[in-house]
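Residue numbers (our numbering): 257 to 471. Heads up, the beta-carbon is just placed ideally off N, CA and C, and yes, glycines get one too. Accompanying notes for the structure given below.
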(Lines of atoms letter the chains of each structure in order from A and count residues from 1; the text may use other names and numbers.)
(Lines give C-alpha, C1' and ligand atoms only; values in the text may rest on other atoms or scores of the structure.)
Protein backbone atom coordinates (compact mmCIF):
# COMPACT_ATOMS: atom_id res chain seq x y z
CA UNK A 1 0.00 0.00 0.00
CA UNK A 2 2.87 2.39 0.76
CA UNK A 3 4.39 1.80 -2.68
CA UNK A 4 0.94 2.23 -4.22
CA UNK A 5 0.65 5.70 -2.73
CA UNK A 6 4.27 6.70 -3.39
CA UNK A 7 3.85 5.92 -7.08
CA UNK A 8 0.88 8.29 -7.27
CA UNK A 9 2.18 11.24 -5.31
CA UNK A 10 2.43 13.36 -8.43
CA UNK A 11 -1.26 14.29 -8.02
CA UNK A 12 -1.03 15.77 -4.47
CA UNK A 13 2.38 17.27 -5.33
CA UNK A 14 0.89 19.08 -8.32
CA UNK A 15 -2.03 20.07 -6.09
CA UNK A 16 0.40 21.68 -3.65
CA UNK A 17 2.26 23.40 -6.49
CA UNK A 18 -1.06 24.87 -7.61
CA UNK A 19 -1.71 26.08 -4.05
CA UNK A 20 1.70 27.76 -3.77
CA UNK A 21 1.31 29.53 -7.12
CA UNK A 22 -2.26 30.58 -6.34
CA UNK A 23 -1.38 32.00 -2.92
CA UNK A 24 1.35 34.09 -4.56
CA UNK A 25 -0.94 35.37 -7.32
CA UNK A 26 -4.10 35.89 -5.23
CA UNK A 27 -3.03 35.91 -1.55
CA UNK A 28 -6.34 37.44 -0.43
CA UNK A 29 -8.10 34.24 -1.49
CA UNK A 30 -6.01 32.10 0.88
CA UNK A 31 -9.06 30.93 2.84
CA UNK A 32 -10.76 29.50 -0.26
CA UNK A 33 -7.49 28.16 -1.63
CA UNK A 34 -6.58 26.26 1.53
CA UNK A 35 -10.11 24.89 1.84
CA UNK A 36 -9.86 23.52 -1.71
CA UNK A 37 -6.33 22.22 -1.04
CA UNK A 38 -7.32 20.27 2.06
CA UNK A 39 -10.54 19.08 0.46
CA UNK A 40 -8.61 17.79 -2.54
CA UNK A 41 -6.16 15.89 -0.33
CA UNK A 42 -9.00 14.37 1.69
CA UNK A 43 -10.78 13.23 -1.47
CA UNK A 44 -7.55 11.75 -2.81
CA UNK A 45 -6.43 9.89 0.31
CA UNK A 46 -9.79 9.06 1.91
CA UNK A 47 -12.36 8.61 -0.85
CA UNK A 48 -10.14 7.46 -3.73
CA UNK A 49 -7.35 5.46 -2.05
CA UNK A 50 -9.11 4.61 1.25
CA UNK A 51 -6.08 5.47 3.39
CA UNK A 52 -8.06 6.70 6.39
CA UNK A 53 -10.34 4.47 8.47
CA UNK A 54 -12.50 5.76 11.32
CA UNK A 55 -12.87 2.16 12.51
CA UNK A 56 -9.11 1.70 12.67
CA UNK A 57 -8.71 5.01 14.48
CA UNK A 58 -11.35 4.05 17.06
CA UNK A 59 -9.56 0.74 17.62
CA UNK A 60 -6.63 2.69 19.11
CA UNK A 61 -8.72 4.61 21.65
CA UNK A 62 -8.41 1.95 24.35
CA UNK A 63 -4.60 1.78 24.11
CA UNK A 64 -3.14 4.10 26.74
CA UNK A 65 0.56 3.27 26.39
CA UNK A 66 0.82 2.88 22.61
CA UNK A 67 -1.70 5.54 21.58
CA UNK A 68 -2.71 8.14 24.15
CA UNK A 69 0.74 8.55 25.71
CA UNK A 70 2.39 9.29 22.32
CA UNK A 71 -0.56 11.56 21.48
CA UNK A 72 -0.08 13.58 24.67
CA UNK A 73 3.70 13.78 24.18
CA UNK A 74 3.21 14.93 20.59
CA UNK A 75 0.66 17.52 21.73
CA UNK A 76 3.20 18.78 24.27
CA UNK A 77 5.78 18.99 21.48
CA UNK A 78 3.38 20.99 19.31
CA UNK A 79 2.62 23.29 22.23
CA UNK A 80 6.33 23.91 22.83
CA UNK A 81 7.01 24.38 19.12
CA UNK A 82 4.17 26.90 18.95
CA UNK A 83 5.61 28.93 21.81
CA UNK A 84 9.08 28.85 20.22
CA UNK A 85 7.61 29.85 16.85
CA UNK A 86 5.86 32.83 18.46
CA UNK A 87 9.14 33.86 20.11
CA UNK A 88 11.03 33.63 16.81
CA UNK A 89 8.32 35.63 15.05
CA UNK A 90 8.39 38.39 17.67
CA UNK A 91 12.20 38.48 17.66
CA UNK A 92 12.82 38.65 13.92
CA UNK A 93 9.61 39.92 12.31
CA UNK A 94 10.57 43.58 12.84
CA UNK A 95 13.59 43.16 10.56
CA UNK A 96 12.55 40.27 8.31
CA UNK A 97 9.21 39.60 6.62
CA UNK A 98 8.44 35.94 7.22
CA UNK A 99 6.02 35.89 4.25
CA UNK A 100 3.65 33.59 6.11
CA UNK A 101 0.35 33.22 4.26
CA UNK A 102 -2.43 34.95 6.18
CA UNK A 103 -5.78 33.18 6.01
CA UNK A 104 -8.31 36.01 6.14
CA UNK A 105 -11.84 34.96 7.08
CA UNK A 106 -14.95 37.02 6.41
CA UNK A 107 -16.44 38.28 9.68
CA UNK A 108 -19.63 36.23 9.43
CA UNK A 109 -20.99 33.09 11.05
CA UNK A 110 -20.80 30.58 8.21
CA UNK A 111 -17.24 31.44 7.06
CA UNK A 112 -16.07 31.34 10.70
CA UNK A 113 -17.58 27.88 11.26
CA UNK A 114 -16.14 26.63 7.96
CA UNK A 115 -12.75 27.99 9.01
CA UNK A 116 -13.01 26.15 12.34
CA UNK A 117 -13.88 22.88 10.61
CA UNK A 118 -11.08 23.36 8.09
CA UNK A 119 -8.41 24.08 10.70
CA UNK A 120 -9.47 21.59 13.39
CA UNK A 121 -10.53 18.61 11.25
CA UNK A 122 -9.61 18.95 7.59
CA UNK A 123 -6.10 20.36 8.03
CA UNK A 124 -4.76 17.78 10.51
CA UNK A 125 -6.13 14.76 8.63
CA UNK A 126 -5.06 16.01 5.20
CA UNK A 127 -1.58 17.07 6.31
CA UNK A 128 -0.83 13.91 8.28
CA UNK A 129 -1.84 11.58 5.48
CA UNK A 130 0.03 13.56 2.83
CA UNK A 131 3.16 14.85 4.55
CA UNK A 132 3.68 11.95 6.94
CA UNK A 133 1.83 8.79 5.84
CA UNK A 134 2.28 9.12 2.08
CA UNK A 135 5.65 10.88 1.84
CA UNK A 136 7.75 9.18 4.51
CA UNK A 137 8.90 5.68 3.63
CA UNK A 138 10.69 3.22 5.92
CA UNK A 139 12.37 1.15 3.20
CA UNK A 140 15.86 2.13 4.41
CA UNK A 141 17.40 4.74 6.71
CA UNK A 142 18.84 6.92 3.93
CA UNK A 143 15.54 7.05 2.06
CA UNK A 144 13.66 7.75 5.29
CA UNK A 145 15.99 10.65 6.15
CA UNK A 146 15.69 12.22 2.69
CA UNK A 147 11.91 11.87 2.54
CA UNK A 148 11.57 13.28 6.06
CA UNK A 149 13.39 16.45 5.00
CA UNK A 150 11.26 16.63 1.85
CA UNK A 151 8.14 16.21 3.99
CA UNK A 152 9.15 19.06 6.30
CA UNK A 153 9.97 21.35 3.38
CA UNK A 154 6.74 20.67 1.51
CA UNK A 155 4.65 21.14 4.64
CA UNK A 156 6.26 24.51 5.36
CA UNK A 157 6.34 25.81 1.78
CA UNK A 158 2.57 25.43 1.66
CA UNK A 159 2.24 27.90 4.55
CA UNK A 160 5.00 30.44 3.84
CA UNK A 161 6.99 31.89 0.95
CA UNK A 162 9.93 33.41 2.86
CA UNK A 163 12.84 31.60 4.48
CA UNK A 164 11.92 32.69 8.01
CA UNK A 165 8.32 31.59 7.62
CA UNK A 166 9.42 28.29 6.09
CA UNK A 167 11.76 27.70 9.04
CA UNK A 168 8.94 28.50 11.49
CA UNK A 169 6.54 26.05 9.88
CA UNK A 170 9.22 23.37 9.66
CA UNK A 171 9.60 23.82 13.40
CA UNK A 172 5.84 23.36 13.84
CA UNK A 173 5.93 20.17 11.77
CA UNK A 174 8.79 18.62 13.73
CA UNK A 175 6.78 17.15 16.66
CA UNK A 176 4.31 15.26 14.46
CA UNK A 177 7.11 14.18 12.12
CA UNK A 178 9.18 12.79 15.00
CA UNK A 179 6.08 11.10 16.44
CA UNK A 180 5.37 9.42 13.11
CA UNK A 181 8.97 8.27 12.73
CA UNK A 182 8.91 6.75 16.22
CA UNK A 183 5.44 5.20 16.21
CA UNK A 184 4.84 4.69 12.47
CA UNK A 185 1.20 5.25 13.40
CA UNK A 186 -0.46 8.09 11.50
CA UNK A 187 -3.48 7.98 13.81
CA UNK A 188 -1.25 9.13 16.68
CA UNK A 189 -0.18 12.20 14.74
CA UNK A 190 -3.69 12.87 13.45
CA UNK A 191 -5.16 12.85 16.96
CA UNK A 192 -2.35 15.00 18.41
CA UNK A 193 -2.68 17.44 15.52
CA UNK A 194 -6.47 17.66 15.92
CA UNK A 195 -6.17 18.29 19.66
CA UNK A 196 -3.56 20.99 19.13
CA UNK A 197 -5.60 22.74 16.44
CA UNK A 198 -8.61 22.57 18.76
CA UNK A 199 -6.55 24.18 21.52
CA UNK A 200 -5.07 26.75 19.13
CA UNK A 201 -8.32 27.81 17.45
CA UNK A 202 -11.29 27.03 19.71
CA UNK A 203 -11.11 30.14 21.91
CA UNK A 204 -10.75 32.57 19.02
CA UNK A 205 -13.54 30.88 17.04
CA UNK A 206 -15.85 30.86 20.07
CA UNK A 207 -15.11 34.55 20.68
CA UNK A 208 -15.80 35.51 17.07
CA UNK A 209 -19.00 33.44 16.94
CA UNK A 210 -20.20 35.02 20.19
CA UNK A 211 -19.44 38.51 18.89
CA UNK A 212 -21.29 37.81 15.64
CA UNK A 213 -24.36 36.39 17.39
CA UNK A 214 -24.65 39.23 19.89
CA UNK A 215 -23.62 42.22 17.78
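Where does the unbroken alpha helix (DSSP H) through residue i begin, and where does it stop?
i	result
residue 318	Residue 318 -> no alpha helix (DSSP H), and no H or E assigned at all.
residue 446	442-469
residue 277	266-281
residue 383	379-383
residue 365	365-373
residue 327	325-348
residue 290	286-298
Could you tell me which residues DSSP pairs with residue i in its beta bridges?
i	result
residue 356	416
Do you know offhand how far residue i's Cα is from residue j's?
i	j	result
residue 325	residue 471	42 Å
residue 278	residue 289	7 Å
residue 257	residue 316	With a pLDDT of 47 at residue 257, under the threshold of 50, the modelled position of this residue cannot be trusted, and the question is left open.
residue 260	residue 346	Low confidence applies to residue 260: its pLDDT is 45, below 50, so where it sits in the model is not reliable enough to give any reading.
residue 313	residue 443	6 Å
residue 338	residue 434	15 Å
residue 457	residue 396	38 Å
residue 449	residue 369	19 Å
residue 297	residue 306	12 Å
residue 441	residue 406	19 Å
residue 468	residue 332	32 Å
residue 418	residue 330	26 Å
residue 390	residue 266	11 Å
Identify which residue in the options has its Cα closest to the Cα of residue i.
i	options	result
residue 359	291, 271, 268	291
residue 379	321, 293, 322, 266	293
residue 352	469, 431, 436, 423	423
residue 375	453, 426, 344	453
residue 322	438, 390, 455	438
residue 327	420, 392, 432	432
residue 465	301, 343, 285, 365	365
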